[in-house]
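Taking it in order: structure first as structure tokens, then the write-up.
2 protein chains.
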Amino acid sequence: MAKHGKKSKSHSDAKSLAAAEQDAPNKSDARAHQIGVLDEALTYVLRHAAASLRGAMAEALRPLDLSTAQHACLELLGRSPGLSSSELARGAFVSRQSMNLVLRGLQDRGLVTRPEIAPQGRALPTKLTAEGREALNSANVVTRSVEKRMLAAIPDKRRARFRTDLAVCAAVLAPDD
Amino acid sequence: MAKHGKKSKSHSDAKSLAAAEQDAPNKSDARAHQIGVLDEALTYVLRHAAASLRGAMAEALRPLDLSTAQHACLELLGRSPGLSSSELARGAFVSRQSMNLVLRGLQDRGLVTRPEIAPQGRALPTKLTAEGREALNSANVVTRSVEKRMLAAIPDKRRARFRTDLAVCAAVLAPDD
DNA sequence: TTTGCCATGTCAGCAGTCTGACACCATGGC
DNA sequence: GCCATGGTGTCAGACTGCTGACATGGCAAA
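In the order they appear, the protein sequences are chains A and B. Okay, so the first sequence: first residue is 66 according to our numbering, each after it adds one. Okay, so the second sequence: first residue is 66 according to our numbering, each after it adds one.
Okay, here's the thing in structure tokens:
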């Protein structure tokens, strides 16, 4: 993506700020009395990881003309065909209005199909077309490399634990719990 | 935030999808041949955690009329007074154009100050005003509770490890490494 | 010194997302 | 049967963030 430029030798960028946190966890610096250093760093680092992931995914998907939301949508449909727009919205963590636009874009490109009339209630079950499944496979190839980069950075032993902790974080921060 | 409604008894929401992943990690389901189940789940769970964090922070900051970007900006300025707009942008993981708008908003509200003319080069060093520091303290009170929720969910022993792994993830996914 | 390069600030345009609002359908209890 | 509740789809408006582009100010190498 390279949205932030090169930052070759800048003297106070994100990395150096985070490094300062890590290098001096015990120093009684001026801000330690205000916020637990490690505590604050956790939300900061999580934001950082999320932003980096988003950027990496967007960059990887750019050649395929797919946004991250569109990919997430295809991914969900590949796993669970027939999901409605609202269900897809919850699965991709966006509002159902946004998912509606995403879905419309995918529909215009012939990657998904939705019935004109609802077979039950108002929900319109969405399914991948052959082209949609093909696009999903192509997307998986590139996103897989992003995942691999992440996985390679974490020792094998800790992966399951790491994933579990992350899931627990997501759970306790969920909008309504 | 409650942007997703209540989803009381929906039969296929985000939680159940994630649960299906977790419950049957060894089953030779149809998708296992395509993507490592755990691998995919990691990016998915990270997105989930990020979205939840963003939502929780936004909800907590709403009463103070502060966006997450504005809070991040104040936070960075509290730690490192005199940062320029571009440096703040990198620290908050947004483009410098976006940070410029954020900064202008904070400036109009009298929370930060920037000199009219650059004392060195083009960078305009930004500093918190007394009101800005006050707003930062108020914001820290509410965001602290969000952090606490997250911290409480992770066993004490694993926190440092968890944070480190997350930082490593962010590092390997960085736009240019 | 001069030239090329990098970083910064800023303007304009665009895409994506959210909130608010409304209408429709199903299911429940009364 | 009737109505209250909740889920769903959709429209309109607004906001935020990003990309592209340009001009300006240091810095280092030629």
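Every residue gets a Cβ at the ideal spot worked out from N, C-alpha and C, and that includes glycine. Since the model is a prediction, treat every value here as computed from it, not as a measurement.
So the candidates are the options; which of them puts its Cα closest to the Cα of residue i?
i	options	result
B/Leu129	B/Arg161, B/Ser117, B/Lys192, B/Leu171	B/Leu171
B/Leu139	B/Ala121, B/Thr208, B/Ala115, B/Leu111	B/Thr208
A/Tyr109	B/Pro146, B/Ala106, B/Ser151, B/Arg155	B/Arg155
B/Glu196	B/Leu118, B/Arg174, B/Asp221, B/Ala123	B/Arg174
B/Ala106	A/Arg144, A/Ser151, A/Leu166	A/Arg144
A/Ala123	A/Ala232, A/Val211, A/Leu231	A/Val211
B/Val159	B/Leu118, B/Ala134, B/Arg198, B/Asp230	B/Ala134
B/Ala157	A/Lys213, A/Ser117, A/Ala232, A/Asp230	A/Ser117
A/Asp221	B/Asp230, B/Lys213, B/Thr178	B/Asp230
Express the C-alpha separation of residue j and residue i in angstroms, rounding to a whole number.
i	j	result
A/Leu131	A/Ala125	9 Å
B/Gln162	A/Ala183	44 Å
A/Leu176	A/Lys192	9 Å
A/Arg224	A/Ala236	18 Å
B/Arg228	A/Ile219	12 Å
B/Leu121	B/Arg127	One point to set straight first is that residue 121 of chain B is Ala, not Leu, in the sequence displayed. Those two C-alpha atoms are separated by around 10 Å.
A/Leu166	B/Asn165	29 Å
A/Ala97	B/Ala137	Low confidence applies to A/Ala97: its pLDDT is 38, below 50, so where it sits in the model is not reliable enough to give any reading.
B/Gly101	B/Glu152	Low confidence applies here, because B/Gly101 scores a pLDDT of 48, under 50, leaving its location unreliable and the question unanswered by this model.
B/Arg198	B/Pro146	11 Å
B/Cys234	A/Leu168	30 Å
A/Val206	B/Thr194	50 Å
A/Lys213	A/Ala232	19 Å
A/Arg226	B/Arg226	10 Å
B/Thr178	A/Arg119	32 Å
Quick one: measure Cβ to Cβ for residue i and residue j, integer angstroms, because I've assumed they're closer than 8 Å.
i	j	result
A/Leu238	B/Met215	6 Å
A/Ser149	A/Pro190	6 Å
A/Leu111	B/Ala114	6 Å
Return the bridge partner residues of residue i from the DSSP annotation.
i	result
A/Lys222	Note: A/Lys222 sits in no beta bridge, so no partner.
B/Lys192	B/Thr178
A/Gln185	A/Ala188
A/Leu231	Paired residue(s): none; A/Leu231 is not in a bridge.
B/Leu148	B/Thr191
Q) Between the segment 190 to 209 of chain A and the segment 184 to 199 of chain B, do at least 3 Cβ pairs fall closer than 8 Å? A) no
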